[in-house]
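A.B. asks: What follows is a structure written as structure tokens; I'll ask about it next.
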Amino acid sequence: MPRMDQRLPANVRRDQDPGGRDMLRLEHEGDVVEVALCGAQVLRWLRDGTDLLWTASQPKYAAGQPVRGGVPLVFPWFGDHPDGGKLPAHGFARNQTWQLVHANDTPEVVLELVDDDATHKMWPHAFRLRLSVVLGAKLRLGLSIENTGDQPFSCEQALHTYFSVGDVHTATVHGLEGATCIEQASEPEAKWDRKQPLHFRAETDRIFQGVPDRLELRAPALARTVVLQTTGAQSAIVWNPWPNKTAKLSQMAAEDWQQFCCIESANVRAHAVTIAPGESHALTLRLDCRAS
Ligand code: TA6
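In terms of this note's numbering, the sequence shown opens at residue 7 and continues consecutively.
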């Protein structure tokens, strides 16, 4: 159970997710955010009972694993471990149990993860991670990474957000036009106009670098626009697996790919962050979901 003493503000409640795992439920004027202690993963952001994020239709709420959906974290590496092998893709922060260290009636909760023998076996550095989740008219996430050791380290990190879009064929992402991009998809769109907003016409797995701090996701099938406002994020990854990759992914039904896209606020590859001993880096994301 959370480390902090038992008192919580009235609009923050301890609860359990469908897998019986500890989570926190924040409420603000009818909106709800659910945050699992496993991985400090935002599971859902509910407005009038509708999830503004997205969860795969065969979700597994298992100990030590992220649910495919919501906002899984990425730290300290993005994608497969550089040495390959058995270390978890997207790093280990998403698989560890975080501790609740602060809560107030904004409402805000702050979860913390510090290094231990288990993490040292995967990554030989001392760190303190903190994830702040603040629910108001917007949802604000802040991931801070502190180097508590005596050697500098470099790390990749991302807020790997899954967004409901209703129909990915009509969804578009605005703000990345002209940004440097690496396409990682195995069956990508043959060629696409980098000066135009991003449309989804094939498997899409694009790492954009040197990105602006404001992006917009338009989902006409849901009459919804989401504005993503970041600080401390130089990279953005836009992902949709399309049917063939969906068939290889856990927790997914065959048609799930049509319902979502990921826009990940990140610092990866050339923009991995080097943090000196005693220093910190903060990556913040503010999500503003509007009817459009
Ligand atoms: O961020 C895109 C990506 O690297 C895809 O290639 C795909 O592997 C996806 O992440 C899986 O992320 P997840 O957090 O669902 O395991």
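We put the CB at the ideal spot given by N, CA and C, even for glycine. Every value quoted in this text rests on a predicted model; they were computed, and no experiment measured them.
If you drop the 5 nearest sequence neighbours on each side, which residues of the same chain put their C-beta closer than 8 Å to that of PRO158?
C.D. replies: Closer than 8 Å at Cβ, skipping near neighbours: THR280, ILE281, ALA282 and PRO283.
A.B. asks: Is there at least one non-hydrogen atom of the ligand TA6 closer than 7 Å to the beta-carbon of GLY85?
C.D. replies: Yes, the beta carbon of GLY85 sits closer than 7 Å to at least one heavy atom of the ligand TA6.
A.B. asks: Please check the pair THR154 and ARG134, which I expect to be a contact at CB under 8 Å, by giving their CB distance rounded to whole angstroms.
C.D. replies: Right, the Cβ-Cβ distance comes to about 5 Å (below 8 Å), so this counts as a contact.
A.B. asks: According to the neighbour-count rule (16 or more other Cβ atoms, all chains shown, within 10 Å of its Cβ), is ARG74 buried or exposed?
C.D. replies: Burial call: buried.
A.B. asks: Are ALA227 and THR167 touching if we call contact CB-CB under 8 Å?
C.D. replies: Their beta carbons are not under 8 Å apart, which means ALA227 does not touch THR167 by this criterion.
A.B. asks: Could you check where the alpha helix (DSSP H) with ASN2 kicks off and where it finishes?
C.D. replies: Because the chain in this structure spans residues 7 to 298, residue 2 falls outside the shown range and cannot be described.
A.B. asks: State the beta-bridge partners of ASP57 as determined by DSSP.
C.D. replies: Partner(s): LEU52.
A.B. asks: Within a Cβ cutoff of 7 Å, which residues of the same chain sit near GLN202, ignoring the five residues on either side of it in sequence?
C.D. replies: The answer, listed in chain order, is GLU183.
A.B. asks: Would you identify the three-state DSSP class for ALA124, choosing helix, strand or coil?
C.D. replies: Residue state, collapsed to three classes: helix.
A.B. asks: Looking at C-alpha atoms only, which residue of GLN47, SER286, ALA62 and GLU40 is the closest neighbour of GLY55?
C.D. replies: Nearest C-alpha to GLY55: GLU40.
A.B. asks: Looking only at its own chain, which residues have a Cβ that is under 7 Å from the Cβ of ASP86, when we skip the five neighbours before and after it?
C.D. replies: Result list for ASP86: ALA95, in chain order.
A.B. asks: Could you give the first and the last residue of the continuous beta strand (DSSP E) run that contains ASN153?
C.D. replies: Run containing ASN153: 145-153, per the beta strand (DSSP E) assignment.
A.B. asks: For the alpha helix (DSSP H) that contains MET110, what are its first and last residues?
C.D. replies: The sequence shown places Asn at residue 110, rather than the Met named in the question. From DSSP, ASN110 is part of no alpha helix (DSSP H) but of the beta strand (DSSP E) over 105-110.
A.B. asks: Just list the residues that DSSP pairs ARG74 with in beta bridges.
C.D. replies: According to DSSP, which records beta bridges pairwise, ARG74 is partnered with nothing at all.
A.B. asks: Is any heavy atom in the ligand TA6 found nearer than 7 Å to the beta carbon of HIS166?
C.D. replies: It does: the Cβ of HIS166 is within 7 Å (strictly closer) of some heavy atom of the ligand TA6.
A.B. asks: Report yes if the CB atom of CYS44 is closer than 8 Å to the CB atom of GLY70, and no otherwise.
C.D. replies: Yes.
A.B. asks: How is the alpha helix (DSSP H) around THR252 delimited, first residue to last?
C.D. replies: Segment 248-252, the alpha helix (DSSP H) holding THR252.
A.B. asks: Compute the Euclidean distance between the alpha carbons of LEU52 and ARG275, then round it to the nearest angstrom.
C.D. replies: The alpha-carbon atoms of LEU52 and ARG275 are separated by roughly 33 Å.
A.B. asks: Give the single residue among MET29, ALA62, ASP37 and GLN22 whose Cα lies nearest to the Cα of ALA253.
C.D. replies: Nearest option by C-alpha distance: ALA62.
A.B. asks: Could you give the distance in angstroms between the alpha-carbon of GLY26 and the alpha-carbon of LYS197?
C.D. replies: Approximately 45 Å between the Cα atoms of the pair.
A.B. asks: Would you kindly work out how many angstroms separate the C-alpha atoms of ILE213 and LEU149, rounded to a whole number?
C.D. replies: Near 20 Å, if we compare the C-alpha coordinates of LEU149 and ILE213.
A.B. asks: How about ASP211: is its Cβ closer than 7 Å to a heavy atom in the ligand TA6?
C.D. replies: Because some heavy atom of the ligand TA6 lies under 7 Å away, the Cβ of ASP211 counts as near it: yes.
A.B. asks: Since I believe PRO113 is in contact with HIS205 (beta carbons under 8 Å), could you give me their beta-carbon distance rounded to a whole number of angstroms?
C.D. replies: That pair is no contact at about 37 Å.
A.B. asks: Using the Cα positions of TRP263 and TRP60, report the straight-line distance between them to the nearest angstrom.
C.D. replies: Straight-line Cα distance between these residues: approximately 11 Å.
A.B. asks: What are the boundary residues of the beta strand (DSSP E) that includes ALA4?
C.D. replies: Residue 4 lies beyond the range of the chain shown here (7 to 298); nothing can be said about it.
A.B. asks: Is ALA239 a contact residue of the ligand TA6, with contact defined as CB to any heavy atom under 7 Å?
C.D. replies: Because no heavy atom of the ligand TA6 lies under 7 Å away, the Cβ of ALA239 does not count as near it: no.
A.B. asks: Which residues in the same chain as ASN273 place their Cβ atom closer than 7 Å to its Cβ, once the five residues preceding and following it in sequence are excluded?
C.D. replies: Once the five neighbours on either side are set aside, the close Cβ partners of ASN273 are GLU162, GLN163, ALA239, GLN240, SER241, VAL279 and LEU289.
A.B. asks: With a 10 Å radius around its C-beta and 16 neighbouring C-beta atoms as the bar for buried, classify GLN265 as buried or exposed.
C.D. replies: Answer is buried; the Cβ neighbour count reaches 16.
A.B. asks: Quick check on ASP310: does DSSP put it in helix, strand or coil?
C.D. replies: With the chain covering 7 to 298 only, the question about residue 310 has no answer from this structure.
A.B. asks: Suppose you measure from the CA of LEU223 to the CA of THR210; what does that come to, to the nearest Å?
C.D. replies: Using only the alpha carbons, I get a separation of about 15 Å.
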